[in-house]
Every structure is written in structure tokens, then in C-alpha cells.
Amino acid sequence: MASDGALLTAKFEDGRLELAAGGSWTAPHAAEIEALVDRAAADLGRAKAVSIDMRGVREFDTFGAWLLERLTRQWRSAGASPAVVGMPEHDRTLLKEMSGVNLEPVVSPAQPNPIVSALAALGSGVAGFGRDLGTFANMLGAIGVAAVRVLARPREFRFTSAVNQFDRVCWQAVPIILLITFLIGAIIAQQGIFHFRKFGAEMYAVDLVGILILREVGVLIVAIMVAGRSGSSYTAELGSMMMREEVDALRTMGFDPVEVLILPRVLVLIIALPVLTFLGSMAALYGGGLVAWLYGGMSPEIYISRLEEAISLTHFKVGMVKAPFMGLVIGVVACAEGLLVKGSAESLGLQTTASVVKSIFLVIVLDGLFAIFFASIGM
Amino acid sequence: MKDKPVISIKDLVVGFGDQTVLDHLSLDVRKGEILGVVGKSGGGKSVLLRTIIGLLPKWHGKIEVLGTDLDNATEQERRALERRWGVLFQQGALFSSLTVRQNVQFPMRENLEISQRLMDEMALAKLDMVGLTPVDADKYPAELSGGMTKRVALARALALDPEIVFLDEPTSGLDPIAAGDFDALIKTLQGTLGLTVYMNTHDLESLYAVCDRIAALADGRIVALGSMETMLECTHPWVQTYFQGKRGGMLTKRIGQLVD
């Protein structure tokens, strides 16, 4: 593959520029040839006639052919009539193939003004936010319609699919949810004991753990975990079904994709979240109790009796009431984003990211709204 | 040296689990020819192609491509060899996050150190060779039709001016006119670039129109190898059904009339 001799040598003779090409005019040498060709094109200024002798060329491919074509084109546009000599017939066909390409200068896409493009991005972001709300409302409506239809004909509900989803979304999530909430409960208890100890109010750490976990943290942690774990998988599943036209196939067979694919998934999430929230809250209280015992020196009996005084059924209800709504939000966002996937792998990745980010955002917004609501009704 | 086959397969055995797909298969591909490989769906055509290019492990046998044995090649030799072939996958396998132009430039960017200008020009030249216009260059693969996808994939396979091109079902999913154009394109490119083409196909028209030799793959080995006449004379039952069957027979008759 090594090139023998120079790729291009130039010599002047009575105002004639004579070039001799040699070696391999192929892709691996394209960079060197390009530099030589550019120099040769600039050299023309001093010459009246120009010719290039290709006899020394051993290998020739489209890269070489194009660079030769580019050189002769530049000469011609400078007013010379270059002659290419000593070229085998086969290479000449290739050169001829190149004579029709790149007749118009290559236009690289124009670089827009950075301020304008920043403003455009802001504008389309805001418009996108509005569009998202519309999409989610639309999906919520479609799920509602499908639910009413299924209520009218309960036999059409995809029970098998729902059981399968329940296994994946709820049952298989139990270990990781228990572990995470256990650790969170333990951390809250440790921090509470550590800081309350300064005031001699260690007992209040139990109030902190109980109220915080039952009302807010239990359900939030579980919702965020489920959004990351199951919301993303819903989006990816539905998205790849969109990519492979499976959803269109369902539609043409007379099935409503919302009823077949989305309703069971969302319903399962609405059931799974309270279950996981309950389990998670219990694990967190257990973790808090363990830390109170080992780190705070509070015996389990004291912890439990203190907990009994600190919390009431109301706190528990506040947490549990929120859970199904969180499940609905996660399901609606995940499924709506899944149906927005276009043909490319990149789009699948984008929508999955968007699904997780938006559902976590909405879960937290919803939690804030619930906090206002419960405060105003005195719960 | 000249008569040495560019691809030489000896005694190849490939399988999955306890199922043998290719059973002591041997095949030579000559320099500059278009070889069409036919066989049942699921009969091992794609397995053979993927084994040659090193995507599937083999159980037994020896494959040499351009004089290099992939098993004993160093990482460097392997890379050097991979530059000298291009592969057109059945679904095109274009990178969906890159434009058509970037797809074609991808092998150049990774393997050559050339200026952006030359890369742009070469990408458009390659697209021109496969019959696409500069307007198509900034589209994304999702915006392309089936025929255009195959053309772009071919342009990408040809990006580094390979010596061998592997085509997996190049005309499947194309309408007969587009398929005919694609066949003509392959023939032309083989002529101008001096390519060796290894082609898996189901398309009888392609076999008649462009292939120099045909290899029939059945029962995990090559049961017939040669020109169309050889295929018609072959006594293997599958080959007979394939070429003399309803669809094959019609074509054979038509080609016979054309020859007369």
C-alpha cells in the first residue's frame, strides 16, 4: 500500500507547468494529495499551459479521481485548459463519473445568530410546555373514555396484561423500595436525634420521623422511584412499539391502543403506588426506629409509644390519599411521551428522558398542591 | 497472486446452541465478480455473511478475506481489513441521529484525516454515484423512503472505496422498478470501481441481471455454484424448485426468449 515516489511533482518549462503524479491516489493518502493539489492550483498563476501526467499512478480511487477533477476544474476556471495524459481507460471512467458532482459549491448550513437562536429556543420551550399540558390533558381524557367504555363492558378489560404489569411494576419493585425508604427513614431519624439533642429534645425526633414520612417523604420517594423505574420503561416500551408500527397495526385491527396498552398500565400504577407507599412508609418507620435504638439509645417500646402519641390516622391518610394521584400522573406522562416517539433511536432516548423528568416534576408540583389543599381543610 | 480468491472459506461450521446452521461449507469468491448467494429463508445466508465479516463466531473452519485470516489477525490488521470492505445491512442500519451526509462521512471521519471540505465534497460525490442529490444530504434517515435508505447505506458502504462490498438482501422491500435500478447501480459501480460484490438475495431478477456467479445454499452447504445455466441443470431438489418453480420458471422462460 505504500506509495513509491512523490504523489505530485511540479516543474516549469518555458511558461508551461508540467505535473507528474505518482504512487497511490487513494483514500489513505487523500490528505497529502489535497494539500499538493491546492498548491498546484495556486501555482498556475505563473504558467500559460498546464498538463498533468498520470502515468506514475499505481492506485486510483474515487478520492484521487475527485481531487484530480477539483484541480482541473480550478485550472479551467482560472482560464487554463489543462491536459490529463497517461491515464488508463479504467481510471478515466472513474474521472468522468466525477465530472458531474459538486458543481454547486458545498453549502454548509448557515450559523444562526446566537441571540436569536437563544430566544427561539426559549420561545419554543414555552410553547412546548403549553403543548405538553395539552398532550397530557388529551391522554387523561382518552384514558377516561377508555375506562368508561371498559366499565360498560368489563369483559374487554385486559386482565392478563394488567396482572403481568402489576408483577413488574409493584411486586418486583418491592425490594428496592423497601431498601431505599428504610435508609431514608434511618437518615431522617439520625439527623433529627443529632440536632434535637442540642436542645435536649431527642424525643421530638420521633415526631419528625413519623409525621414527615407518613405525610410527605414516603409517598414522594416512592413516586420518584416508580417514575424512574416504571415510567421510563412504559415510555420505552410504547415508544419502540410506535417505532415498529405495532401501535398502528393495533389501530388497523380495530383496537384502541389506549384501551389495550395504556389503560391497564395506568390502572396498575394507580393501584401499585398506594401499596408501595404503605410498604415504603413502614420500612422507613422501621429504619427510624432502628436508628433511634442503636444511635439514640431509645428502646423500641419507647419509640413505639412515642410514635403513637405523635401521629394520628390523619397523617397516614394524607399520605395514602396522594399516592393514587401520583400514580395517575406518572402513568399519563409516561404513556403520552411514549406515543410521541418518532422513527429514530435518538427520539426514543429523548422521550424517555422527558418522561422521567416531567413526571418527577409534576409529582412534586402535585404534592405542593395537596399540601395547600390539606392545610386549608385542616388535615 | 492475481488468481487468488478475495474471499476463501474452507470447511466452515457455524451454529447456535445444539443446532448446526452451516455444515462444512466451502466457497471461494473471485476478484471483481458479483456473487449472488441464494437459499431458503432462515437457511443460513445471513449467518454466512455475518460470519465472514466477523460478527458471528464459528465453530470450525477457516475464512480468509483479502489474504487475511481474521482469527489470527492482530487488532491493527483487523482494522485495516475492515477499511477494505463495506457492508450494506438488510435494513440499511443508518445511524438515526446523523444526517445522510454525516452517515456517509462517518467512516471517513473515523479512518482518514482529511479536511472537512474534502469530506463534504466526497460525501456528495458518493451520494451522486448512488443516484441521490445534494438536497437529500441534510435529511435524517427517518425521512427517507426504503429505496433511498438502501442507496444511502450503499453510499456509506462505499465511503472508503472498499475492495469488497457485502450486500444483504439489497433489493428486498423495494418495488420492481427501484430494485431494477438498484441492480443496475451495483453493476455500474462494480464496473467503475472494480468492486468485488458478495450479495445475499432472494430476487431472481437480480440473479439474472447482475450476478456473474450464483451460489445456492441448502442443507448448510453450497450445493451448486456457477452461472445460471449451472443452476438450471442442477439436480438438487431445492435448487430445482427454486429456479424451475412457478415464479422461477416464468422468469427462466422469459430470459430464454430474450436470449433467443
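If you're matching them up, the sequences are chains A and B in order.
This note's numbering puts the first residue of the first sequence at 1235, with every later residue one more than the last.
This note's numbering puts the first residue of the second sequence at 2, with every later residue one more than the last.
No residue lacks a Cβ here, since even glycine has one placed at the ideal position from N, Cα and C.
Under the three-state DSSP convention, the category residue i falls into
{"i": "A/PRO1388", "result": "helix"}
{"i": "B/ALA225", "result": "strand"}
{"i": "B/SER97", "result": "coil"}
{"i": "A/PRO1316", "result": "coil"}
{"i": "A/GLU1479", "result": "coil"}
{"i": "B/LYS41", "result": "coil"}
{"i": "B/THR69", "result": "strand"}
{"i": "B/MET130", "result": "helix"}
{"i": "B/LYS140", "result": "coil"}
{"i": "B/LEU218", "result": "strand"}
{"i": "B/VAL7", "result": "coil"}
{"i": "A/ALA1244", "result": "strand"}
{"i": "A/ILE1536", "result": "helix"}
{"i": "A/ALA1376", "result": "helix"}
{"i": "A/GLY1434", "result": "coil"}
{"i": "A/PHE1363", "result": "helix"}
{"i": "A/ALA1236", "result": "Residue confidence for A/ALA1236 is low, a pLDDT of 41 falling below 50, so the modelled location carries little weight; the figure read from the coordinates is stated next. Looking at A/ALA1236 - three-state DSSP - the assignment turns out to be coil, as it is neither helix nor strand."}
Span of the beta strand (DSSP E), counted from its first residue to its last, around residue i
{"i": "A/ALA1254", "result": "1250-1259"}
{"i": "A/HIS1263", "result": "Neither: A/HIS1263 is in no beta strand (DSSP E) and is coded neither H nor E."}
{"i": "B/ASN201", "result": "197-201"}
{"i": "B/HIS61", "result": "61-66"}
{"i": "B/GLN20", "result": "20-30"}
8 Å Cβ cutoff, residue i in contact with chain B
{"i": "A/MET1332", "result": "yes"}
{"i": "A/TRP1309", "result": "no"}
{"i": "A/PRO1346", "result": "no"}
{"i": "A/LYS1556", "result": "no"}
{"i": "A/PHE1393", "result": "no"}
{"i": "A/TRP1224", "result": "Residue 1224 of chain A lies beyond the range of chain A shown here (1235 to 1613); nothing can be said about it."}
{"i": "A/SER1610", "result": "no"}
{"i": "A/ASN1372", "result": "no"}
{"i": "A/GLU1450", "result": "no"}
{"i": "A/PRO1335", "result": "A small correction: the amino acid at residue 1335 of chain A is Val; Pro does not occupy that position in the sequence shown. Output row for A/VAL1335: interface = yes."}
{"i": "A/GLU1268", "result": "yes"}
Continuous alpha helix (DSSP H) stretch holding residue i: start and end
{"i": "A/LEU1600", "result": "1579-1610"}
{"i": "A/GLY1298", "result": "1296-1311"}
{"i": "B/THR172", "result": "No alpha helix (DSSP H) holds B/THR172; DSSP gives it neither H nor E."}
{"i": "A/GLY1444", "result": "1438-1446"}
{"i": "B/VAL88", "result": "Counting along the chain, B/VAL88 falls outside any alpha helix (DSSP H), though it belongs to the beta strand (DSSP E) covering 86-89."}
{"i": "B/ASP204", "result": "Segment: none, B/ASP204 is in no alpha helix (DSSP H) and carries neither H nor E."}
{"i": "A/TYR1520", "result": "1497-1528"}
{"i": "A/VAL1555", "result": "1547-1573"}
{"i": "B/TRP239", "result": "238-245"}
{"i": "A/VAL1335", "result": "Unbroken run through A/VAL1335: none, as it is neither H nor E."}
{"i": "A/ILE1418", "result": "1408-1430"}
{"i": "A/PHE1400", "result": "1393-1403"}
{"i": "B/GLN191", "result": "177-194"}
{"i": "A/VAL1494", "result": "Counting along the chain, A/VAL1494 falls outside any alpha helix (DSSP H), and DSSP gives it neither H nor E."}
For residue j and residue i, believed in contact at Cβ under 8 Å, the rounded distance
{"i": "A/ALA1518", "j": "A/GLY1452", "result": "6 Å"}
{"i": "B/LEU30", "j": "B/TYR199", "result": "According to the sequence provided, residue 30 of chain B is Val. The question's Leu does not apply to it. B/VAL30 to B/TYR199, Cβ: 6 Å. Contact."}
{"i": "B/PRO108", "j": "B/LEU67", "result": "That belief does not hold up - the Cβ atoms of B/PRO108 and B/LEU67 are roughly 17 Å apart, past 8 Å."}
{"i": "B/ILE10", "j": "B/SER27", "result": "6 Å"}
{"i": "A/PHE1294", "j": "A/LEU1251", "result": "Incorrect: roughly 21 Å between the Cβ atoms, too far for contact."}
{"i": "A/SER1225", "j": "A/VAL1567", "result": "No statement about residue 1225 of chain A is possible, as the shown extent of chain A runs from 1235 to 1613 and does not include it."}
{"i": "A/ALA1264", "j": "B/LEU113", "result": "6 Å"}
{"i": "A/TRP1405", "j": "B/GLU122", "result": "Rounded, the Cβ-Cβ distance is 59 Å, inconsistent with contact."}
{"i": "B/LEU71", "j": "B/GLY55", "result": "5 Å"}
{"i": "B/VAL48", "j": "B/VAL14", "result": "B/VAL48 to B/VAL14, Cβ: 11 Å. No contact."}
is_contact[residue i, chain A] using C-beta, thresh 8 Å
{"i": "B/ALA143", "result": "yes"}
{"i": "B/LEU57", "result": "no"}
{"i": "B/LEU119", "result": "yes"}
{"i": "B/SER146", "result": "no"}
{"i": "B/ASP162", "result": "yes"}
{"i": "B/LEU125", "result": "yes"}
{"i": "B/SER173", "result": "no"}
{"i": "B/GLU122", "result": "yes"}
{"i": "B/ASP19", "result": "no"}
{"i": "B/ALA180", "result": "no"}
Min CB distance residue i to chain D below 8 Å
{"i": "B/MET149", "result": "Given the protein chain composition of this structure (A and B), no chain D is represented."}
Residue i: CB within 7 Å of a non-hydrogen atom of the ligand ADP
{"i": "A/ALA1371", "result": "This structure does not include the ligand ADP; it has no bound ligands of any sort."}
query = Do the region 26-40 of chain B and the region 216-235 of chain B meet, that is, are 3 or more Cβ pairs less than 8 Å apart?
reply = Three or more Cβ pairs closer than 8 Å define a contact, and the region 26-40 of chain B meets that threshold against the region 216-235 of chain B.
key: Cβ contact check for the region 1361-1379 of chain A and the region 1416-1429 of chain A: 3 or more pairs under 8 Å   = With contact defined as three or more Cβ pairs closer than 8 Å, the region 1361-1379 of chain A and the region 1416-1429 of chain A are not in contact.
query = Within the chosen definition, does the region 162-177 of chain B reach the region 79-88 of chain B through at least 3 CB pairs nearer than 8 Å?
reply = Yes, since at least three Cβ pairs between the region 162-177 of chain B and the region 79-88 of chain B fall closer than 8 Å, the two stretches touch.
request  = Count the C-beta pairs between the region 1562-1581 of chain A and the region 1499-1513 of chain A that are closer than 8 Å, then say yes if the count reaches three, no if not.
outcome  = In this structure the region 1562-1581 of chain A lies against the region 1499-1513 of chain A, because at least three pairs of beta carbons, one per stretch, are closer than 8 Å.
key: Meets three-Cβ-pair contact criterion under 8 Å: the region 182-201 of chain B and the region 145-156 of chain B   = With a cut-off of 8 Å on Cβ pairs, the region 182-201 of chain B is in contact with the region 145-156 of chain B, counting three or more such pairs.
ask   = Per the contact definition of three or more C-beta pairs closer than 8 Å, is the region 1573-1590 of chain A in contact with the region 1458-1469 of chain A?
value = The region 1573-1590 of chain A and the region 1458-1469 of chain A touch, with three or more beta-carbon pairs separated by less than 8 Å.
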